[in-house]
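Colleague:
Residue numbers (our numbering): -16 to 319.
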């Protein structure tokens, strides 16, 4: 039985999600305590309960102590079964974070799977659907598995109600070297807005333009049906020959639109200047697949606490040597 302290590292839900994925992939049970001890409201929230329920469903697993608010549980994995599954968070909790717990073992399953996930698709505490679809999934394809996605309905915080469909074609994962992002092919900045005044999106786009010197036609505003919101997000995308980075900024009550757009644009400017292959969120997502593949490497910006926490959890389940070395131009090389 692997013992995990959920207060380690950044002390959030990532510790649990990473443990679930690796437990299913390796067949090793674990016990975790102090779940989300690093958050203002500790213990399991609805999206974490859904992630555990999903892990039990796809892996024939068993969990003791599962309830909203609980701070410890024990998970016994079974055999991962590919197939068709539907999981609903029931709140605006991120469907992408639920997927984080079950996608890695499904990549290694002995058949294809189809997932329907309902909840938050664009949540300020998680990578949005667009990031998963255009940044992460193509790289999993380079490792051998095929993941395709459809966004059927937007789900913003706090209303939720979003829906995505994921098709997974499993395959043995192969190590990849992700250090050269290639030439820049395309850039764009979009403001999506639903059931809110349009001038919010206009102010956000203006603040992005003030930071990123791109042609005017690269900046657009996309009104969504009111039933999708209220909600607002700025998505800034840079597509290179070998990778795509998407930086997001979420509109929030009490935060000026200029601040939302400006912060996102500044983060994108930093990524473009770095020469790194992966931004901080993509770095987090690549570690578990590479560990399961038995190797790989990528360059990234300064590793976040999320990245270091994921590495610590991986070491509990797999005998992998994961190193972070400072490289030229402010990049860091992560080798598995």
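Beta carbons are placed, not taken as given, at the ideal position from N, Cα and C, and that holds for glycine.
Count the other CB atoms within 10 Å of the CB of residue 320; is the residue buried (16 or more) or exposed (fewer)?
Modeller: This structure cannot speak to residue 320, because the chain is shown only from -16 to 319.
Colleague: Quick one: measure Cβ to Cβ for residue 103 and residue 29, integer angstroms, because I've assumed they're closer than 8 Å.
Modeller: With a Cβ gap of about 10 Å, residue 103 and residue 29 do not count as contacting.
Colleague: Which class does residue 267 belong to by DSSP, given the choice of helix, strand or coil?
Modeller: helix
Colleague: Could you have a look at residue 260 and say whether DSSP puts it in helix, strand or coil?
Modeller: coil
Colleague: Is it buried or exposed for residue 160, if we count other Cβ within 10 angstroms and need 16 for buried?
Modeller: exposed
Colleague: Is residue 301 helix, strand or coil when you go by DSSP?
Modeller: coil
Colleague: Suppose only complete runs of 4+ residues qualify. What are the alpha helix (DSSP H) ranges in the stretch -1 to 81, listed by chain order?
Modeller: 29 to 42
Colleague: Got a sec? Which residues, its chain only, sit under 6 Å from residue 376 by beta carbon, not counting five neighbours each side?
Modeller: Nothing can be reported for residue 376: it is not among the residues displayed for the chain, which extend from -16 to 319.
Colleague: What number of angstroms, rounded off, separates the C-alpha of residue 128 from the C-alpha of residue 237?
Modeller: Taking the straight line from one Cα to the other gives about 42 Å.
Colleague: Counting Cβ pairs closer than 8 Å, one from the stretch 203 to 221 and one from the stretch 238 to 255, do we hit at least three?
Modeller: The stretch 238 to 255 and the stretch 203 to 221 touch, with three or more beta-carbon pairs separated by less than 8 Å.
Colleague: Going by CA-CA distance only, name the one from 68, 116, 302 that's closest to residue 38.
Modeller: 68
Colleague: Is DSSP giving residue 296 helix, strand or coil here?
Modeller: Helix at residue 296.
Colleague: If you draw a straight line from the alpha carbon of residue 26 to that of residue 56, how long is it in whole angstroms?
Modeller: 10 Å
Colleague: Closer than 8 Å by C-beta to residue 241: which residues in its own chain qualify, once you throw out the five before and the five after it? Chain order, please.
Modeller: For residue 241, where only same-chain residues beyond five positions count, the Cβ hits under 8 Å are 186, 187, 189, 190.
Colleague: DSSP three-state call for residue 99: helix, strand or coil?
Modeller: strand
Colleague: Out of 309, 155, 261, 312, which one is the CA nearest neighbour of residue 320?
Modeller: The requested residue 320 is not part of the displayed model; the chain covers only -16 to 319.
Colleague: Give the DSSP-derived three-state secondary structure of residue 250 in the structure shown.
Modeller: helix
Colleague: Please determine, among 46, 251, -8, 105, the residue with the shortest C-alpha to C-alpha distance to residue 194.
Modeller: 251
Colleague: Going by other Cβ atoms of all chains shown within 10 Å of its Cβ, with 16 needed for buried, is residue 19 buried or exposed?
Modeller: buried
Colleague: With DSSP run on the structure shown, which of helix, strand or coil describes residue -9?
Modeller: coil
Colleague: Let me check understanding here. Comparing Cα to Cα, which of 135, 143, 79, 84 lies closest to residue 115?
Modeller: 79
Colleague: Considering only their Cβ atoms, is the gap separating residue 83 from residue 154 smaller than 8 Å?
Modeller: Using a Cβ distance threshold of 8 Å, residue 154 and residue 83 do not count as a contacting pair.
Colleague: Could you say if the stretch -10 to 6 and the stretch 285 to 297 meet the contact criterion of at least three C-beta pairs nearer than 8 Å?
Modeller: Counting Cβ pairs under 8 Å, three or more are found: they touch.
Colleague: Per DSSP, what kind of secondary structure is residue 221 in: helix, strand or coil?
Modeller: strand
Colleague: Could you check whether residue 157 and residue 201 sit closer than 8 Å to each other, using their CB atoms as the reference points?
Modeller: no
Colleague: Go to residue 121, then tell me how far its alpha helix (DSSP H) extends in each direction, as first and last residue.
Modeller: 120 to 125
Colleague: Give me whichever residues DSSP pairs with residue 318 in a beta bridge.
Modeller: 280, 306
Colleague: Mind checking residue -3: buried by the 16 CB within 10 Å criterion, or exposed?
Modeller: buried
Colleague: The alpha helix (DSSP H) that contains residue 184, what's its start and end?
Modeller: 181 to 194
Colleague: Nearest to residue 267 by CA position, among 214, 110, 126, is which residue?
Modeller: 110
Colleague: According to DSSP, simplified to helix, strand and coil, what is residue 165?
Modeller: coil
Colleague: Using a 10 Å radius around the Cβ and a threshold of 16 neighbouring Cβ atoms, would you call residue 244 buried or exposed?
Modeller: buried
Colleague: Counting only the same chain and skipping the five closest in sequence on each side, list residues whose C-beta sits under 7 Å from that of residue 59.
Modeller: 12, 44, 45
Colleague: Within 10 angstroms of its Cβ, does residue 23 collect 16 or more other Cβ (buried), or is it exposed?
Modeller: exposed
Colleague: Helix, strand or coil for residue 288, going by three-state DSSP, please let me know.
Modeller: helix
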